[in-house]
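Presented below is the structure to which this report refers.
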Amino acid sequence: MRITTSTTAPERAAADMLAVAVGRPASLTGAAAAVDAAMGGAIARLVDAGEIRGGRGQVTVVHADGGVRAKRVAVVGLGRSPGPAELRLAAAGAVRAASAARAKSVAFALDGAPLDAAGATRCVVDGAALAGYRFTRYLTAPADERPGEVGSLAILGGDRAQARLSAVLTEATNRARDLQNTPSRDMGPQELADRARQLAKEHSTLTARVHDRAWMERRGMGLFVAVAQGSSRPPLTIVLRHRPRRARAGVVLGLVGKGLTYDAGGYTLKPARSQIGMKFDMSGAAAVLEATGAIAELGLPIEVVTVIGATENLIGRDAFKNDDILTAANGKTVEITNTDAEGRLVLADCLHHARSLGATHVVDLATLTGAVVTALGDLHAGLFVRGEEFAGAIQSAADVSGDMVWRLPLHDTYKRFLRSEVADMVNGSFAGRGGPCYAARFLQEFAGEGDWAHLDIAGVAELDRSRGDEFGKGGTGWGVRLLTELARSMAA
Ligand code: BES
Ligand code: MN
Ligand code: ZN
Numbered sequence: 046m047r048i049t050t051s052t053t054a055p056e057r058a059a060a061d062m063l064a065v066a067v068g069r070p071a072s073l074t075g076a077a078a079a080v081d082a083a084m085g086g087a088i089a090r091l092v093d094a095g096e097i098r099g100g101r102g103q104v105t106v107v108h109a110d111g112g113v114r115a116k117r118v119a120v121v122g123l124g125r126s127p128g129p130a131e132l133r134l135a136a137a138g139a140v141r142a143a144s145a146a147r148a149k150s151v152a153f154a155l156d157g158a159p160l161d162a163a164g165a166t167r168c169v170v171d172g173a174a175l176a177g178y179r180f181t182r183y184l185t186a187p188a189d190e191r192p193g194e195v196g197s198l199a200i201l202g203g204d205r206a207q208a209r210l211s212a213v214l215t216e217a218t219n220r221a222r223d224l225q226n227t228p229s230r231d232m233g234p235q236e237l238a239d240r241a242r243q244l245a246k247e248h249s250t251l252t253a254r255v256h257d258r259a260w261m262e263r264r265g266m267g268l269f270v271a272v273a274q275g276s277s278r279p280p281l282t283i284v285l286r287h288r289p290r291r292a293r294a295g296v297v298l299g300l301v302g303k304g305l306t307y308d309a310g311g312y313t314l315k316p317a318r319s320q321i322g323m324k325f326d327m328s329g330a331a332a333v334l335e336a337t338g339a340i341a342e343l344g345l346p347i348e349v350v351t352v353i354g355a356t357e358n359l360i361g362r363d364a365f366k367n368d369d370i371l372t373a374a375n376g377k378t379v380e381i382t383n384t385d386a387e388g389r390l391v392l393a394d395c396l397h398h399a400r401s402l403g404a405t406h407v408v409d410l411a412t413l414t415g416a417v418v419t420a421l422g423d424l425h426a427g428l429f430v431r432g433e434e435f436a437g438a439i440q441s442a443a444d445v446s447g448d449m450v451w452r453l454p455l456h457d458t459y460k461r462f463l464r465s466e467v468a469d470m471v472n473g474s475f476a477g478r479g480g481p482c483y484a485a486r487f488l489q490e491f492a493g494e495g496d497w498a499h500l501d502i503a504g505v506a507e508l509d510r511s512r513g514d515e516f517g518k519g520g521t522g523w524g525v526r527l528l529t530e531l532a533r534s535m536a537a
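Residue numbers (my numbering): 46 to 537.
Structure (structure tokens):
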């Protein structure tokens, strides 16, 4: 979607569809009033008839018939308490209505919308660009038999810098969604590595290094290597580094992503229904990859080191087993009591590697536990964080970006569930309670010293049904916006 800003008056904007916002109760102000006047009161009549109520997410399309320059007007509702979420939803509604009408260009008038121009611009671009996303790679029907694609969005009265920022962020988010939505057959460790190399080719501040199994064995990454043993596809440790010419001194942001391109559970095999959707177990990797790309594209003055553990967790002749005892890169030993608790094993060795590359602040993203979905649902990721200042930075980045988090406890009490008789710890507890907290406490054993945050994104990375917002079903690219925003706030 091509995104521009302009100062054109709404009545004079040339577009297939012009969107104007109204709150509830519907009273026509700003652009809605100007457009209504130009159309001889056509919108006011629909308000009087009770057809336009300004409800949250309500969209009413009216043909302009020459009253204004645009072909159609979409009146989008903001509800009773308009805010960022309502504005994103309104923009999403405008784009969906445009797509249904096969309108190719949309102009969104900010006059009458909540927030200041900068904040509103960001929400409108986010809502429009995220709602305009489609995963079409495997569709064979000709394009004209599918819903139309909106090619351009002009924000009337928009802020140029914010429009560009949001365009970069949403494009990166949508690329992460493509990576997520692609099934493991076509999105294995190799394909993730290819994407890292491609990013490095596109951005001069980025370098990509891809390490194979032999390298991992030499580094003693026994946990990661064991998980990979059931798959015929070689595991890869993917490292992307952003080293801008000017960067804040003494700070290296480490981003670690779980890249399980398929998680069948291994010998602790998942039941059939739980296997569906496990192509999404690389969502953490997709997010940190594309966030690193966005950070480079924005030229943020902060050093970033991104580490991805990419492999599959399958049953196989050589697959690791329950009762195995493994040694991690940091020397600690782990007794395997559940081969399906593989994410923490891969992350453990990757966290250690990120620290060894000098990361001062580390954030890991992982679809780690089904229990976080039970606890928090599909809107908030579980946030576990050590370092109160860092916690505040992440919360602020979440607030600004729209990727929401909810803090959960990181506490030594959960070590009770880690006890093993024969090794330093077990990987899977049968405690049956506090699963996300226990998993986070496991990771802490490998997170080294200093600020660290773990985001359990199992509930938010992928939606198996729409939440009724700018995202539909499928991958959400959760974390691309949050991580880039975090890097912005930490940069020099
Ligand atoms: N990838 C799964 C977590 C998951 C579950 C993500 C549902 C998305 C939706 C992870 O590897 C896993 O299997 N976790 C186990 C942990 C347990 C064995 C301690 C789980 O949640 O059941
Ligand atoms: Mn698993
Ligand atoms: Zn998993």
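Each residue gets a CB set at the ideal place from its N, CA and C atoms; glycine is no exception. In this text the structure is predicted, and so the values were computed from the model without any measurement.
- Secondary structure note for residue 435: it is in no beta strand (DSSP E), and the uninterrupted alpha helix (DSSP H) holding it is 433-446.
- Between residue 373 and residue 267, the gap from beta carbon to beta carbon is short of 8 Å.
- Residue state for residue 455 is assigned as coil, using DSSP reduced to three classes.
- Within a 10 Å sphere around the beta-carbon of residue 312 sit 16 or more other beta-carbons, which makes this residue buried.
- For residue 370, the secondary structure class from DSSP, reduced to helix, strand or coil, is strand.
- Counting every other CB atom within 10 Å of its CB across the protein chains shown gives residue 409 a total of 16 or more, marking it as buried.
- Of the candidates 398, 343, 303 and 384, 398 places its Cα closest to the Cα of residue 350.
- DSSP places residue 107 within a strand segment (E or B) once states are collapsed to three.
- Proximity to residue 426 across 434, 432 and 417 peaks at 417, based on C-alpha coordinates.
- Minimum Cα-Cα distance from residue 390 among the listed residues 335, 274 and 175 corresponds to 274.
- Secondary structure in the segment 328-360: the alpha helix (DSSP H) runs of 4 residues or longer, each lying completely within the stretch, are 328-342 in chain order.
- Remark: C-beta atoms of residue 123 and residue 99 approach each other more closely than 8 Å.
- The continuous alpha helix (DSSP H) containing residue 531 extends over residues 525-535.
- By the Cβ neighbour-count rule, residue 289 is buried, with 16 or more other Cβ atoms within 10 Å of its own.
- Judged by beta-carbon spacing, residue 149 lies within the 8 Å limit of residue 196, meaning their Cβ atoms are closer than that value.
- Judged by DSSP secondary structure, residue 48 falls within the beta strand (DSSP E) whose first and last residues are 47-51.
- Of the residues assessed, residue 467 falls on the exposed side of the cut-off, its CB having fewer than 16 other CB atoms within 10 angstroms.
- Contact check for residue 402 and residue 276: beta-carbon distance about 25 Å, past the 8 Å limit, so the pair fails to qualify.
- Boundaries of the beta strand (DSSP E) harbouring residue 253: 251-256, taken from the DSSP string.
- The shortest CA-to-CA distance from residue 361 to any of 314, 321 and 386 is the one to 314.
- Distances taken from the Cβ of residue 326 to the heavy atoms of the ligand BES include one shorter than 7 Å.
- Residue 348 and residue 296 do touch by the CB rule: their CB atoms are close to 7 Å apart, below 8 Å.
- Assigned with DSSP and collapsed to three states, residue 397 falls in helix.
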